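Line by line, the protein sequences give chains A and B. Residue numbering for the first sequence follows the numbering used here, beginning at 202 and increasing consecutively. Residue numbering for the second sequence follows the numbering used here, beginning at 3 and increasing consecutively. Just so it is clear, CB atoms sit at the ideal spot from N, CA and C, and this is done for glycine as well. Just so we're clear, the structure is a prediction, and the values are computed from it rather than from any experiment.
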Amino acid sequence: MINEVTFLNNSWIWQTVLIGILLWVIFIWKEFSQFGTLRFWTKSAIALLAIIALSMIALQPTIPIKKKGIKMALLTNGFNQNQLDSLKKVHKKLKIKRYENNHPIFDNSSTSDSVFVLGNGVASFDFWQLDSSYVNYLKGTIPTGIIKFKYDKQPTVGESISFKGLYSNSKKGNRLVLEGPGQIGLDSVFLISNNEQEFELSTKLTVEGKYLFSIVEKDTLNNNIRRDPIPVVVSSSIPIKILILNESPTFETKYLKNYLAEIGHEVVIKTKITKNRYKYEYFNSNQKSIGKISKKSLASFDIVILDYNSLKKLNKNTLFAIENSVKEDGLGIFIQPDNNLFRLKNGIGSFDFSTTKNLQTTFFNQPKIKLTQYPYAFKNEFRIHPIHRNKDSKIISAYKRLGHGRIATTVVGNTFELVLNGYANTYQEFWSTLIKKIGNKVPSAVKWESDAIITYPDHPFTFKLRTAIPKPKVKTIDGFEISLLENINLNNTWTGVTYPKNTGWNNLNLSLQQDSIASFNYFVSDTTHWQSLYNYKRIQKNNRNFENFSSISKQAKSKQLINPITFFILFLICMGYLWVEPKISKIS
Amino acid sequence: MSVLPNNILNQLKKRWRLKRWLEVCFYVLGFSLLSYFLFFNSFITISTFVIVTLFSIVLIKPLKPSLRDVVNYIDRHLKDVEYSSGLLLIPEQQLSNIAKLQRHRIGVILNKKHNTLRSPHSLVRGSAILITLVLISLIIYQLDITISLKKQIPQTNATEIVFTAIDSVKRDSNPPKLKNQQITITYPKYTGLAQVSTTEMNIKAVEGTELSWKLEFEGEIADVTMESLENSYPMKFVNNTYIRTSKLNSSGFYNFKFSDKLGTSYVSELYAIEVLPDKSPRIEVKGIKQFTSFSFDQNKDILLSASIYDDFGIHDVYLVATVSKGSGEAVKFREEKLYFDDPIPKGNKKLTLQKNINLDKIKMNPGDELYFYIEALDQKGLKPNVSRSETYFAVIKDTVSDQFAVEGTMGVDLMPDYFRSQRQLIIDTEKLIRNRSKFSKKEFKYKSNELGFDQKVLRQRYAEFMGDESEMGTAHEENEETHDHEEEESNDDPLAQYTHNHDSENEHHLVEEEKDLNQKKDPLQEYLHNHDDPEESTLFTQSLKSKLRQALNEMWDAELHLRLYDPKKSLPYQYKALKLIQEIKNSARIYVHRIGFDPAPIKEDKRLTGKIDEVTNYSKKEKLTQKDEFASVRLATKRIELHLSENNIFSDKDILVLKNAGNELAVIAIKNPGKYLGTLQELKKLIEIKKATLSSLKEIQKGLYMALPTSKPNPTKTYMHTSKINELLLKELDNHD
């Protein structure tokens, strides 16, 4: 019991104790003449009691008390009236309070031992207020609308961007329409089921810049029911520098080079014509010295494409240089296969293959288009990462990592036949994915992350920042600095919170060396948008937060101040005794 | 049950009136329906309804039949009442006793017979008219014959040109107003379309149409120009109106611009001109096959009928025929223009013509070929649209020049000329039969045998093409040494005197060989594609091969009968063989002769020497990146997004970007004006005024985005952030690899 006593003025405890002892010592010294008598001992004890009472008045002790059965229902947005009614039935003295953001939940006087939170829940920044209460979270109904939504926030021009989501309580017949810049309809999907429905909308990006796409729900009469903005920052594409080494001219290389050079990539080709005679081709590129391949000459390329014969004929030094470039600079290698490659057991180009009888394969998503295949298949070992799969989900092209770089190959041969058969788009799709996967990456000093699609004015917007800069300083658009919190386990990872004022595009700036600035764009919109998603997230958060409460089954206790009058009366009695006692003894 | 007579009268009256009302309804309904389907206009329908109702009430008088009329009607139609049903109308008290009696009697009769009374009506006529009108309405609705009243309705304001002041600061308090706008469209004469005047500024017209714009203004104006795709044309001021005339050549956009005396400029919206090209005539030929062949003695008529369609009228139609004579290097062509049998009326949109071509009339001989096609011209000015039909072929079969036609496609004639053709054989055989009496028996037999030999040579020659062993060489040699053999072999053969037995040795050989074959039965035979076997040879298709085999069989028979000195019997076989060969010849035309590949001669002294002195390194530098045709459109889309979210003011640089974007967009918009006209109009306005509402900005952006083509899949470099932890992981992976 005594363990549970705490003092409100905990910080004064030493001073009070010292003064108290001092007072008592003075008192004992004053009465020391009567030492040894009963009177002395009684008086000392009474004086100690008085001093303790006095110091208690100063320290204000509290004792924990069991709350009486006062229960409270906290109503948040989206609460269910039926739940409230049945609660009222069970708990007659139920106190009801409406929740408001950032306002105190309990008045000074009112404390309740258990709180029922109804509806979508309290904001995460108000969780602390309920820390001392036993909370029972009765979640509201799952909101109608999009409750999960995912997309690539920073895509590149020419890419296909897809928006995936989950729609809850969908109404049959309504449509979700993806609208692009200028509210142009790009894609749409019908809502079929009457409960939850996953959907995916996609479009090809044709222009760079920051845009506001939107997802619009339309009813059967084409009226807009709701419109939610989707901010997308489309960055321009960066051309890739490609070196192709061939032991002999092939159609495969001819078609590949035409495709890559026409869309603006730098392509340099070295083809052997005959012994010690080469054909050098430079597309969209200046002449480079590639006669002898070294780490230095490879530094100006992102990807090297070479056929197996070229790989075989590379001397030790060159091979070493290539391997180093891959490991350290992240160079990508693609090996154009031939039958010998599949039997290779070790070295840079070795992958594990098993033989198969198939000489034809297809693409995973286009099972009608046939492709020529070597009679080998990738062994599904954990070292390799698939790039393409066929319709049976077997890997048909894959890469393995080597340091920073990647080495890829495929079991598909003669892909140029796709172009000849009129499937130019499939051909381009194949090579585009492959090259993008293995290509050298541009190192970026900063990486911004944020979970939210949009944020609301005056609401906290949390962002994560990864940078190697020692003490990053992030400023808002108005020039205010945001204090950052470094992750205790992962250094170079920082989090920050800002409260945007204005709607529209906002940005955060991080100044780097040489006056360059890394910016992060985010979109602020009024609170009418993305409500279903916002509410769903809130329900999830509340669920997670209050789930722990019930599992611990913490009996909520509150501390009550012991009324100082008690100590004062005690003090008065003690003082009275000490005042009266000499007089009585004189009389007696 | 008896009913009071007065009630009967009242009932009759009611029924009579009801029927008249019904008739009125029929007419009203019928005419209202008709007017509705004719005009699709509720006002007219309602007025028709009212008018017809009034008229029919006046004419039919549904309220007219009174009790008096009923009584008169009964008197007239029911003899039993003895013309005294009028008594029923008179109160009983006023009647005499007899009258009362009569009245009672009539009452009884009426009670009995009132069911036979039918009030007079013309419901049949009414319903007939209603049905007719409904039918007419339905037909009108089906055929979509609606009399449009738009011509009578005054022009709505929607098409009126709206001018917007560019410089809003110096605006005149009373800006000049457009009083009148008009375009006169004069279609090219040949189209036969009347001149049209309209106030609609978006124009669709046929190529070559003359357009004349007339604008009349209220207030003082400095000048008016018409702007079209970067160019501006001043308009002439004549008789208080501004006029410009132009001939339509290509699709495009235009707008008007004028400035008042204060120097303020006003700009109109953008309007589209769409040129409809005059289509080429369409020709359909019926009644003939692509290839027609005639034999020499057939009636060589080609009857063809052709239907020609054109959107504005056909000017001329004729046949272009080419006759080719001879073959090889001696071929000669003769081209001729043939007209159809009927004269061609000019300017018709549809023509059906017939032509009979007689090959004899155009002086064609056997072996000649005729190629012809139909050419049709429309009436379009100096450069008419011409279209031509497919080419048709007609041939008169030439049976005399009986070359083996498989060779027909080759430049060199490979057939030796020392053996007689089947045709020649027939002629000779016929000659032999004719001159039989002139020859001695031995001579006749000898000649017949000779022909048999020739028949054999011919057969073998053809058999070679089937893959049979060639016996030509031996046969030829034997031919030269005929007489020696004859003497040697004459001993055994009673016929030896009359025959040349060239075959015996050979046949002997053949039998022997066959025996050999039988002995060595090849186990692989079933699995092989045996080219040696004539039956299996793949020189010709199956049908061709069987025909040739048939021809060879016929030749066998022909030879047999010739050798039996019976040329008469042999003739039918020869004819059959000839016919078959002719057929083969015709079908073989489409085959290309199998020719071997002749490689260029190899210089042996240079071969495999491994000298590569003349081979040098080769270097090529090229820029293959294609220019982005929509660079400004992309930039403009991006800029507008910024304006949408941040509301910047349009700078001069922005305006330049927008102008360029407009030009880029116009290129596609010309092909598809309906889709992009709105965007171009808004864009033009934005460029001139440098201001736009949010909705119009969105409209422009939408149009621009729509115009952008989907780009090819394009791999791109991605950004990657490396952190210490990643590095550490990679290092660890590397160490443990």
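{"Item": "Cβ neighbours of glutamine 184 of chain B in the same chain (closer than 7 Å, five flanking residues each side left out)", "Value": "Ser199, Thr201, Lys216"}
{"Item": "At least 3 beta-carbon pairs within less than 8 Å: the stretch 366-381 of chain B vs the stretch 302-312 of chain B", "Value": "yes"}
{"Item": "Lysine 629 of chain B to asparagine 665 of chain B span [Cα, whole Å]", "Value": "16 Å"}
{"Item": "Local Cβ density within 10 Å of tyrosine 745 of chain B, reported as buried at 16 or more and exposed below that", "Value": "Residue 745 of chain B falls outside the range modelled here, since chain B spans only 3 to 739, and no answer is possible."}
{"Item": "Bounding residues of the alpha helix (DSSP H) (the contiguous stretch that carries arginine 438 of chain B)", "Value": "Here arginine 438 of chain B belongs to no alpha helix (DSSP H), and DSSP marks it neither H nor E."}
{"Item": "CB contact below 9 Å: histidine 292 of chain A versus chain B", "Value": "no"}
{"Item": "Residue-chain proximity (histidine 723 of chain B, chain A), Cβ-Cβ < 9 Å", "Value": "yes"}
{"Item": "Under 9 Å between C-beta atoms of isoleucine 393 of chain A and serine 369 of chain A", "Value": "no"}
{"Item": "Where the stretch 501-512 of chain A meets chain B: residues whose CB sits under 7 Å from a CB there", "Value": "Asp503"}
{"Item": "Nearest-angstrom Cα separation, counted from leucine 413 of chain A out to glutamate 648 of chain B", "Value": "12 Å"}
{"Item": "Residues of its chain near aspartate 262 of chain B, where Cβ-Cβ distance is below 8 Å and the 5 sequence neighbours each way are ignored", "Value": "Asp174, Pro177, Pro178, Gly221, Glu222, Ile223, Ala224, Tyr268"}
{"Item": "Under the three-state DSSP convention, the category threonine 724 of chain B falls into", "Value": "coil"}
{"Item": "Counted within 10 angstroms of its Cβ, other Cβ atoms place alanine 462 of chain A as buried (16 or more) or exposed", "Value": "buried"}
{"Item": "Residues that DSSP places opposite glutamine 95 of chain B in a beta bridge", "Value": "Answer by DSSP bridge pairing: none, since glutamine 95 of chain B is not bridged."}
{"Item": "Residues of the stretch 662-673 of chain A with Cβ closer than 9 Å to any Cβ of chain B, in chain order", "Value": "Arg667, Thr668, Ala669"}
{"Item": "Cβ shell of lysine 648 of chain A (< 8 Å), same chain only, five flanking positions each side left out", "Value": "Leu666, Arg667, Thr668"}
{"Item": "Start-to-end residues for the beta strand (DSSP E) that takes in lysine 673 of chain B", "Value": "Counting along the chain, lysine 673 of chain B falls outside any beta strand (DSSP E), though it belongs to the alpha helix (DSSP H) covering 654-673."}
{"Item": "Test: proline 122 of chain B CB closer than 9 Å to a CB of chain A", "Value": "no"}
{"Item": "Check whether proline 673 of chain A and phenylalanine 326 of chain A have beta carbons under 9 Å apart", "Value": "no"}
{"Item": "When A:Leu339, A:Tyr300, A:Pro344, A:Val336 are compared against alanine 324 of chain A, the one with the closest alpha-carbon", "Value": "A:Tyr300"}
{"Item": "For threonine 708 of chain B, three-class secondary structure by DSSP", "Value": "In the sequence as presented, threonine is not what sits at residue 708 of chain B; that position holds methionine. Looking at methionine 708 of chain B - three-state DSSP - the assignment turns out to be helix."}
{"Item": "Rounded Cβ spacing between leucine 427 of chain B and lysine 449 of chain B (contact assumed at less than 8 Å)", "Value": "About 12 Å separates the two Cβ atoms, so there is no contact after all."}
{"Item": "Straight-line gap, phenylalanine 455 of chain B to serine 545 of chain B (C-alpha atoms, nearest Å)", "Value": "28 Å"}
{"Item": "At least 3 beta-carbon pairs within less than 8 Å: the stretch 649-660 of chain A vs the stretch 682-694 of chain B", "Value": "no"}
{"Item": "Three-state secondary structure (DSSP) of aspartate 736 of chain B", "Value": "helix"}
{"Item": "Distance cut-off 8 Å: tryptophan 213 of chain A Cβ against heavy atoms of the ligand COA", "Value": "With respect to the ligand COA, the structure offers nothing, as it holds no ligand at all."}
{"Item": "Beta strand (DSSP E) segments (min. 3 residues) lying fully within the stretch 228-302 of chain B", "Value": "233-236, 238-240, 243-249, 254-262, 267-269, 273-278, 284-288, 293-296"}
{"Item": "Euclidean distance between Cα positions of phenylalanine 721 of chain A and arginine 427 of chain A", "Value": "28 Å"}
{"Item": "Strand pairing of glutamate 401 of chain A, partner residues [DSSP]", "Value": "A:Lys365"}
{"Item": "Under 7 Å (Cβ pairs) to chain A, residues found in the stretch 634-651 of chain B", "Value": "Arg636, Thr639, Lys640, Glu643, Ser647, Glu648"}
{"Item": "Proximity test, Cβ basis, 9 Å: valine 226 of chain B and chain A", "Value": "no"}
{"Item": "Three-pair Cβ contact test at 8 Å for the stretch 286-303 of chain B versus the stretch 698-706 of chain B", "Value": "no"}
{"Item": "Cβ-based neighbour list, phenylalanine 652 of chain B, same chain, cut-off 6 Å, excluding 5 preceding and 5 following", "Value": "Lys692"}
{"Item": "Nonlocal neighbours in the same chain, by C-beta distance under 6 Å from glycine 614 of chain A, ignoring five residues either side", "Value": "Thr573, Tyr575"}
{"Item": "Beta-carbon proximity list for lysine 742 of chain A, same chain, < 6 Å, skipping 5 on both sides", "Value": "Ser325"}
{"Item": "Euclidean distance between Cα positions of arginine 436 of chain B and lysine 571 of chain B", "Value": "14 Å"}
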